[in-house]
Amino acid sequence: MESFVHSHAAHCESGVVSSLLTHAGYPISEAMAFGIGNGLTFAYLPIVKIDGMPLVAYRMPPKSILKTVEKRLGLNVTIKKYSNPQSAREDLIKMVDAGKFVGLQTSVYWLPYFPPEMRFHFNAHNLVVYGKSDTGFLISDPVFEHPVEVEYNALDKARFARGVFAPKGACYTIEKIPEKIDLAKAIKKAINRTCNMMLYTPFPWVGLRGIGMMKRAILKLPNHPHKRYASLYLGHIIRMQEEIGTGGGGFRLMYAAFLSECADVLGRDELKTASSMMGEVGDKWRIFALSCSKACKGHEYFVEEISQKLQECRDSEERVYRFLKGLKL
Amino acid sequence: MKRDEAPQDNIAMYQGGRKALYAVADEGTFEITQSSGWSVEEMATLQAVDEFGRLEREAYRDFLEGTLSPLAAWMYRRRMSLATLSQCTGFWQWNIKRHLKSNIFKTLSPKKIALYCDVLDITPEELHHPKEPQ
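As you go down the protein sequences, you meet chains G and X in turn.
Residue 1 is where the first sequence starts when you use this note's numbering, and the numbers rise one by one after that.
Residue 1001 is where the second sequence starts when you use this note's numbering, and the numbers rise one by one after that.
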């Protein structure tokens, strides 16, 4: 049986895709998996509530990185779901015994190795099972520094959590990799797709338009009848941007790493420029988070200043996408 | 963000672990850097945790006074909002709101109690006697 090498990544889904592909014989970095999987986006959905707060997303919905990478590289991924924990566990044991590395979708809340403060009800976490012991499965969770072991019962609970995105024991393996992969073609397609979505989306809550929508919502915060709301709202944005494993700046820094790798693959130095521009965008988002946190603590309350910072993020992002479009990849 | 600018605030909730961030290395390329946490992120997370703690304490107080059922305290202890509990159990929100009332909770069938216990990962005994919040 091939031995498994754990690697530390910023985000769960891109980390798992990178890890599974690398072990299947096609070494690929997390940033590359994220980039060609079209992971980057921005969405602000005031109608969809998470614990009473609007949905703020800096990446595409769960499973989309896996599915897009599968399509772009022409892989063969098998995804299975189960109706009961018993058969899910037995099947997983069989796969592990056969020497397979298996990606799982689980809840965050019910994973025992997560620090208590970081457990929230999010059902689309991803991790890799690479072996088993007498009492449980050996797990490589890409957002943690080291592999862990989880008892059978605890993992069943996490795999069969209910609610939105209920995993239903979902597990996936990469079955086949084509002999020839045209990475350059996949990169070009992915970059154009992301730029088009961010710049020209018809939906007001997606892309740059979505950022504008969030800005207008922030400006209205002082009118909210509940005093605590504004503080909780800004805290919620910070968590979606920094806490939930984004690699910093709401995935923008990871995307900068992707662009820099693309420069080497395509042999286009302009992409290095785009990479450092995207790096600055990520830094601007972090400055935005910092000013949100000051307002949260209630020292001062400048919605004007916060929305100004957000506008800078939006404008500098627009410059990157226009620059990338101008390269005619 | 340069590599040496990656925050190293040693935040307690990481329990000594570190998280991967992307930062610019010496050669000008982006690489994964380990961070022991950022105080900004810590503040936002603790705020969300404290909010559930506050709601749990209020619900526990109302449970002792006899106005709310113990379900409310358990719901917040498990970091669930009404919407989350509704999605997990399949009950409508207005229905759960009724179950949160003490007098109606007492009339719930064992089947409904069992479903709540399953979702909250507790025994019926524990459901009826919530622990005092910290």
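Just so you know, even glycine gets a beta-carbon here, dropped at the ideal spot from N, CA and C.
No experiment lies behind these values; they were computed from the predicted model shown.
Your pair G:V77 and G:V129 does not check out as a contact, with CB atoms roughly 16 Å apart and the cut at 8 Å. Chain X has no Cβ within less than 8 Å of the Cβ of G:H226. In chain order, K215 and F288 place their CB closer than 6 Å to the CB of G:L310, counting only its own chain and leaving out the 5 sequence neighbours on each side. Fewer than three beta-carbon pairs drawn from the region 1032 to 1047 of chain X and the region 1075 to 1090 of chain X are found closer than 8 Å, and the two stretches are therefore not classed as touching. At least 8 Å separates the CB of G:V48 from every CB of chain X. Under the 8 Å criterion on CB atoms, X:R1003 is classed as non-interfacial with respect to chain G. Going by DSSP, X:A1114 is part of the alpha helix (DSSP H) stretching over P1110 to L1120. For G:T78, the enclosing beta strand (DSSP E) starts and ends at N76 to K80.
G:L221: not part of any alpha helix (DSSP H); DSSP gives it neither H nor E. Within the DSSP secondary-structure output, X:F1030 pairs in a beta bridge with X:V1024.
In terms of Cα proximity to G:R322, the closest of G:F4, G:L199, G:V102 and G:V17 is G:L199. Taking all protein chains shown into account, G:G326 has fewer than 16 neighbouring C-beta atoms within 10 Å of its C-beta and is therefore exposed. G:M53 is bridged by DSSP to G:I50. By the CB criterion at 8 Å, X:M1080 and G:P115 fall outside the cutoff.
By alpha-carbon distance to G:H121, the top candidate from G:K168, G:R162 and G:I177 is G:R162. Setting aside the 5 residues that flank it on each side, X:D1121 is surrounded in the same chain by R1078, each with a C-beta closer than 8 Å to its C-beta; the list follows chain order. In this model, X:Y1060 and G:M213 are separated by some 38 Å (Cα to Cα). Inside the region 143 to 196 of chain G, DSSP marks whole beta strand (DSSP E) runs of 3 or more residues at positions 148 to 151 and 171 to 176, from first to last along the chain. The DSSP-derived three-state label of G:N126 is strand.
Within a 10 Å sphere around the beta-carbon of G:A10 sit 16 or more other beta-carbons, which makes this residue buried.
Residue pairing by DSSP puts G:Q105 in a beta bridge opposite G:N126.
Taking 8 Å as the CB threshold, G:K81 stays off the interface with chain X.
Not one beta carbon of chain G lies nearer than 8 Å to the beta carbon of X:A1073. In this chain, the beta strand (DSSP E) harbouring G:I139 covers G136 to S140. Within the model, the alpha-carbon separation for X:M1075 versus X:G1028 is close to 48 Å.
The continuous stretches of alpha helix (DSSP H) do not include X:A1006, and DSSP gives it neither H nor E.
Short of 6 Å from the beta carbon of X:G1066, and not among the five residues preceding or following it, lie these beta carbons of its own chain, in chain order: S1102. G:R268 sits in coil when the DSSP states are folded into three classes, being neither helix nor strand. Under the 8 Å Cβ criterion, the region 250 to 261 of chain G counts as touching the region 32 to 40 of chain G, having at least three qualifying pairs.
Taking 4 residues as the shortest admissible run, the region 1043 to 1113 of chain X contains the following complete alpha helix (DSSP H) segments, listed from N- to C-terminal end: 1070 to 1077, 1082 to 1089, 1093 to 1099 and 1102 to 1105. Residues of the region 104 to 127 of chain G with a Cβ closer than 9 Å to any Cβ of chain X, in chain order: Y109, W110, P115, P116, E117, M118, R119, F120 and H121. Interface criterion not met: the Cβ of X:L1120 is under 8 Å from no Cβ in chain G. Assigned with DSSP and collapsed to three states, G:A43 falls in strand. For G:T135, the number of other beta carbons within 10 angstroms of its own is below 16, and it is reported as exposed. Neighbourhood of X:K1019 in chain G, by CB distance below 8 Å: A10, V143 and G245, in chain order. Taking 8 Å as the upper bound on Cβ-Cβ separation, chain X lies near no residue of the region 302 to 313 of chain G.
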